DNA sequence: CGCTGTATTGACAACGTTCAACGGTTGTGG
DNA sequence: CCACAACCGTTGAACGTTGTCAATACAGCG
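Chains as they are written, first to last, in my numbering: chain D, 1 to 231; chain W, 1 to 231.
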């Protein structure tokens with residue numbers, strides 16, 4: 001199967017690679033299709049590969065011993081996942097489950113380290129990925145420590161609209177099926193609360209709700225809700 | 001001033017360096033003493049240096065626009081801080097304030113990158129630092145999303161005891177002055193709540209409280225509180 | 001047409017924060 | 001050495017937020 005190289009080249013991890021190098025990197029990648037709801041890897045497996053998401057969405061979900069589910073990260077097209085853990089040759093700390101049918105490229109960590117030896121500047125790219133994840137994680141910790149559920153939810157929906165939104169003229173549709181439970185697990189609350197709050201926002205014209213569907217109608221007011229200047 | 005090289009060598013970032021290399025690295029480090037309550041760097045400054053804490057404790061505190069204070073990380077002796085951001089040549093995302101008088105070593109990022117060019121394996125060490133921070137951050141997110149304040153507090157105190165505890169025979173003393181406000185800002189709650197919960201634990205013989213002081217008397221029961229098998 | 005998974009809503013209880021008052025300790029300056 | 005201020009900690013009460021329980025509705029699917 002043929003991959004569009006210009007697309008892959010535009011992804012942060014591979015920036016500043018020449019065509020030849022990109023070819024050799026792509027030649028040792030494995031293309032994989034995964035159906036909706038299946039898992040790419042499972043928590044606890046040894047991290048021998050990492051993945052680049054070409055298409056669709058993937059949920060990164062640690063499972064805790066006390067049964068509480070939640071979603072650590074939502075992977076959008078063009079992002080890598082399983083990357084940091086693979087470099088460190090440890091175990092995946094979470095399960096990667098698809099939210100849609102997805103298309104992805106996989107590399108073994110051996111192939112990658114091999115390649116990096118000849119392209120040392122990729123170390124910096126890798127560090128940038130790790131740094132970005134760390135920044136996102138710390139931002140989220142701050143939100144969880146200091147903000148009420150309403151505001152956290154506004155931030156989650158805002159990010160969804162920015163990263164997974166498709167402009168439909170009269171609003172921004174979240175571009176994959178997402179349930180209240182999913183949103184609750186991204187926000188750190190219950191689906192009941194999410195339902196209540198989204199309903200109240202719908203009454204005020206900020207969003208439109210549907211079954212596994214969410215449309216943002218008023219980004220301005222949503223932003224205001226997210227930064228606390230509106231309740 | 002003379003630094004004990006065997007101590008520095010035992011720190012993760014510098015593992016697998018020979019004596020000679022260690023000397024050359026130490027020769028371009030700056031030793032610095034900072035008084036209790038002063039700041040090592042401030043949020044928003046461009047990250048031109050990173051630091052290795054030799055002695056004392058440092059609090060990493062992002063400040064949000066809405067005034068909410070909190071403590072993102074507590075740095076223990078032997079740990080580096082400001083490291084990831086310095087490598088990425090961005091701005092410090094938080095303020096580093098000392099909880100005690102501290103002694104630390106500082107390197108400019110230029111000296112570091114220079115040194116890394118001749119010791120490529122340090123890239124992996126750096127990645128390990130970043131990976132560890134990321135893991136800690138994600139663990140904390142999970143705690144904040146799914147656990148009640150009591151249990152989160154138990155986890156915070158447990159970590160304090162493990163990382164900053166000194167065994168006193170009849171209990172484990174947290175080895176630096178820490179206020180209820182500090183603990184609250186590490187847990188994501190108010191000092192009132194911390195006071196209440198710690199008082200109830202004191203009544204049950206789990207801890208002993210004092211002014212800017214905390215002694216863990218019963219690690220077993222504290223662990224049970226932390227993993228939810230006890231309320 | 002019943003089954004399953006998703007969503008909405010109300011009532012209620014539990015939890016946590018805010019407000020307020022008070023007591024104790026430390027440090028300072030007269 | 002004492003008075004005083006500043007800071008830290010504790011505790012109670014009221015309030016608001018959030019989670020839990022329960023009932024219902026609705027859509028997709030065999």
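Even glycine gets a Cβ: it sits at the ideal position worked out from N, Cα and C. This structure is a prediction, so every number in the text was calculated from the model and none was measured.
* Rounded to whole angstroms, what's the CA-CA distance from residue 101/D to residue 57/D? Just pull it up for me. => 8 angstroms
* Assigned exposure category for residue 160/W - 16 Cβ within 10 Å defines buried -> buried
* Asked: Hey, is residue 145/W's beta-carbon within less than 8 angstroms of any beta-carbon in chain D?
  -> yes
* Considering only residues of the same chain and omitting the five flanking positions on each side of residue 222/D, which have a CB-CB separation below 7 angstroms? -> 154, 157, 158, 206 and 216
* Give every residue of the same chain whose Cβ lies closer than 8 angstroms to the Cβ of residue 164/D, excluding the five residues on either side of it in the sequence, and list them in chain order. => 57, 74, 76, 174, 175 and 176
* heavy atom of the ligand GDP below 7 angstroms from residue 170/D C-beta -> Summarising the ligand content, the structure contains no ligands, and the ligand GDP is consequently not present.
* **Contacts that residue 123/W makes with chain D (C-beta to C-beta distance below 7 angstroms)** => 123
* **Between the CA atoms of residue 22/D and residue 5/D - distance to the nearest angstrom** => 8 angstroms
* Would a check of beta-carbon distances place residue 115/D closer than 8 angstroms to chain W? -> no
* Asked: In chain W, what lies closer than 8 angstroms to residue 70/D by C-beta?
  -> 142, 145 and 146
* Minimum Cβ-Cβ distance from residue 133/D to chain W less than 8 angstroms -> yes
* **For residue 7/W and residue 35/D, the rounded distance between their alpha carbons** => 52 angstroms
* To do: Answer yes or no: does any C-beta atom of chain W fall closer than 8 angstroms to that of residue 219/D?
  => no
* Asked: Quick one: complete alpha helix (DSSP H) runs, 4+ long, within the region 60 to 96 of chain D?
  -> 83 to 87
* **Distance between residue 109/D and residue 27/W (C-alpha atoms, nearest Å)** => 36 angstroms
* To do: For residue 127/W, return the contacting residues in chain D, with the cut-off set at a CB-CB distance below 9 angstroms.
  => 84, 87, 88, 123, 126, 127 and 130
* Inter-residue spacing [alpha-carbon to alpha-carbon] between residue 224/W and residue 65/D -> 14 angstroms
* To do: Determine the chain W residues that contact residue 93/D at a beta-carbon separation under 8 angstroms, and present them in chain order.
  => 135 and 138
* **Listed by chain order, chain D residues near residue 195/W by CB distance under 8 angstroms** => Per Cβ cutoff of 8 angstroms: no residues; residue 195/W is ~18 angstroms from chain D at best.
* **Rounded C-alpha distance that separates residue 152/D from residue 63/W** => 17 angstroms
* Asked: Terminal residues of the continuous alpha helix (DSSP H) containing residue 49/W?
  -> Counting along the chain, residue 49/W falls outside any alpha helix (DSSP H), though it belongs to the beta strand (DSSP E) covering 49 to 55.
* Considering residue 41/W, what are the terminal residues of the alpha helix (DSSP H) in which it resides? -> Note, residue 41/W: premise wrong, no alpha helix (DSSP H); beta strand (DSSP E) at 39 to 41.
* To do: State the beta-bridge partners of residue 210/D as determined by DSSP.
  => 213/D
* Distance, Cα to Cα, residue 131/D vs residue 203/W? -> 43 angstroms
* **Residue span of the alpha helix (DSSP H) that contains residue 193/D, given as start and end** => 191 to 203
* Quick check: the region 121 to 140 of chain D against the region 77 to 97 of chain W, are there 3 or more CB pairs under 8 angstroms? -> yes
* To do: Answer yes or no: do residue 212/W and residue 178/W have a C-beta to C-beta separation smaller than 8 angstroms?
  => yes
* Tell me whether residue 42/D is buried or exposed, calling it buried when 16 or more other Cβ atoms sit within 10 Å of its Cβ. => exposed
* Which whole-angstrom value describes the C-beta separation of residue 17/W and residue 54/W, a residue pair presumed to lie in contact below a C-beta threshold of 8 angstroms? -> About 17 angstroms separates the two Cβ atoms, so there is no contact after all.
* Give the secondary structure of residue 125/D by DSSP, where H, G and I count as helix, E and B as strand, and everything else as coil. => helix
* **residue 148/D, buried or exposed, once every other Cβ within 10 Å from all chains shown has been counted against 16** => exposed
* **Residue from 88/W, 119/W and 70/W with nearest C-alpha to residue 13/W** => 119/W
* To do: List the residues that DSSP assigns as beta-bridge partners of residue 107/D.
  => 50/D
* Asked: Closer than 9 angstroms, Cβ to any Cβ of chain D: which residues of the region 99 to 111 of chain W, in chain order?
  -> none
* Straight-line Cα distance separating residue 125/W from residue 117/W -> 14 angstroms
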